[in-house]
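Numbering (my numbering), first residue to last: -19 to 466. Working notes for the structure below.
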């Protein structure tokens, strides 16, 4: 498993407390502006963490319903009008500024449009692995600690990154000694700029990585230096999750609310785009092409493997990721059916780590069960990723392929990531063009937690310090962490 995965790449180490378990939307209560950026889903989502999985015929994609904590969604069983919609948002960030110090961008004679691509990032060399992991685990949207224990975030991140670095280095060494994510994202940025220019849009495209160079902060500073007057933010995650898009938007919020100029730049945020027609058809094109590499294409099981997130993200914080992922599969399979491709399919989740429960069914367990049930031909589809990186090149291509063959699956194939596929890039260019009119100055405010009761504060500090001592100094606990994380 890749340390380079996002959100989701890491186990959500949660310190148990009744108040935390009873909270159904803690993340959104603490950060309302991120709540406001949630896609306006039109359907009811499943609320299930069952380990069972379903092998579905193409006919089964005609209906779907369920529920999700903290949200009230409804959607008709046949969603013929869902493809092509983009969930955009403006006015996401906190805005506090002095008008005497700020120069309102609209006063500039020439409009300068910018597009900011957001991605996870990955270590360029093996020496970068441990500091990259530290940045990853230090993110409060990855390891979500209660407010009582937030001062443990960096010590825990240091401990976990040191423990995981040796194994992660082995994975990166097996794919060439570093992550290709930066190179591919830069290529996508260049391709997107050319596609927008072909649509008579003169834009500057920037890349901001969450956990490694070039960091989001660097990209934003360049945006300010270039005096961009209108900005479209495009996370390269098709589906929204707290730990991917949500985490990146939180960083932007913190930057924008502290800068007089940036706080007044009109911004449009494309929060999720898995439902766009161009994306759906691009994925279907790749699947259709790879099916033809099998001797009997009709008998191939289409195996969607999505990056997992801890169940608590969905159940406690209202993360729509699981729901959007299931809808994404529905749309892709409906497109394939329209082309006469009626293969069976299933969805599973990869890349779980740590002792907490993740979204199920798990990819590795399903592969074994499919082999036991006599499935002989399998086409793996990495549906969470639009770029090749360690979770496709090492986890799927090496670990899961080996497991599948050992389990009795004889014919293995894998759909490549979209990368710079022209139909995909052109659709992103359309999404940016469509989002531009919705750009608006940032207006939302946030509030930080304040301890008004000094006695309560010191009680929490005392017990938090005691827990820190246990976690960081106790040999037994240290070994337990090591066994769970390595």
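Every residue, glycine too, gets a C-beta built ideally from N, C-alpha and C.
- Straight through space, the alpha carbons of residue 92 and residue 392 are spaced by roughly 48 angstroms.
- In the displayed model, residue 289 falls within coil according to three-state DSSP, outside both helix and strand.
- Boundaries of the beta strand (DSSP E) around residue 250: 247 to 252.
- For residue 243, the closest alpha carbon among the candidates 208, 285 and 115 is that of 208.
- Distance check between residue 162 and each of 366, 417, 410 and 325 places 366 closest, using alpha-carbon atoms only.
- A direct Cα-to-Cα measurement between residue 380 and residue 345 gives close to 10 angstroms.
- Its chain contains 302 as the residues whose beta carbon lies nearer than 6 angstroms to that of residue 294, once the 5 sequence neighbours on both sides are disregarded; these appear in chain order.
- Remark: C-beta atoms of residue 361 and residue 275 do not approach each other more closely than 8 angstroms.
- The stretch 303 to 349 contains, as complete beta strand (DSSP E) runs of 3+ residues, the segments 325 to 330 (chain order).
- Put simply, the backbone Cα of residue 94 is about 19 angstroms away from that of residue 237.
- The C-alpha of residue 328 lies about 15 angstroms from the C-alpha of residue 313.
- When secondary structure is reduced to three states using DSSP, residue 395 falls in the coil class, being assigned neither helix nor strand.
- Within the same chain, no residue comes within 6 angstroms of residue 352 by CB-CB distance, once the 5 residues on both sides are set aside.
- Assignment of residue 99 by DSSP, reduced to helix, strand and coil, places it in the strand class.
- For residue 200, the three-state secondary structure derived from DSSP is helix.
- Here residue 364 has 286 and 287 as same chain residues with Cβ atoms under 6 angstroms from its own Cβ, once five neighbours each way along the sequence are excluded.
- For residue 194 and residue 388, the gap between their C-alpha atoms comes out near 43 angstroms.
- In this structure the stretch 138 to 156 does not touch the stretch 308 to 322; the number of beta carbon pairs closer than 8 angstroms is below three.
- Relative to the Cα of residue 307, the nearest Cα in the group 279, 252 and 355 belongs to 252.
- Taking the C-beta atoms as reference points, residue 404 is found nearer than 8 angstroms to residue 258.
- According to DSSP, residue pairing for residue 357 in a beta bridge involves 391.
- The C-beta of residue 102 has 16 or more other C-beta atoms within 10 Å across all chains shown, which makes the residue buried.
- As computed with DSSP, residue 284 is found in a beta bridge with 327 and 361.
- When the alpha-carbon of residue 400 is set against those of 114, 117 and 172, the nearest one is in 172.
- By the criterion of a C-beta distance shorter than 6 angstroms, residue 299 is surrounded in its chain by 221, 222 and 293, once the five residues flanking it on both sides are discounted.
- Restricted to the stretch 218 to 267, the alpha helix (DSSP H) segments that are unbroken, complete and at least 4 residues in length are 227 to 236, listed in chain order.
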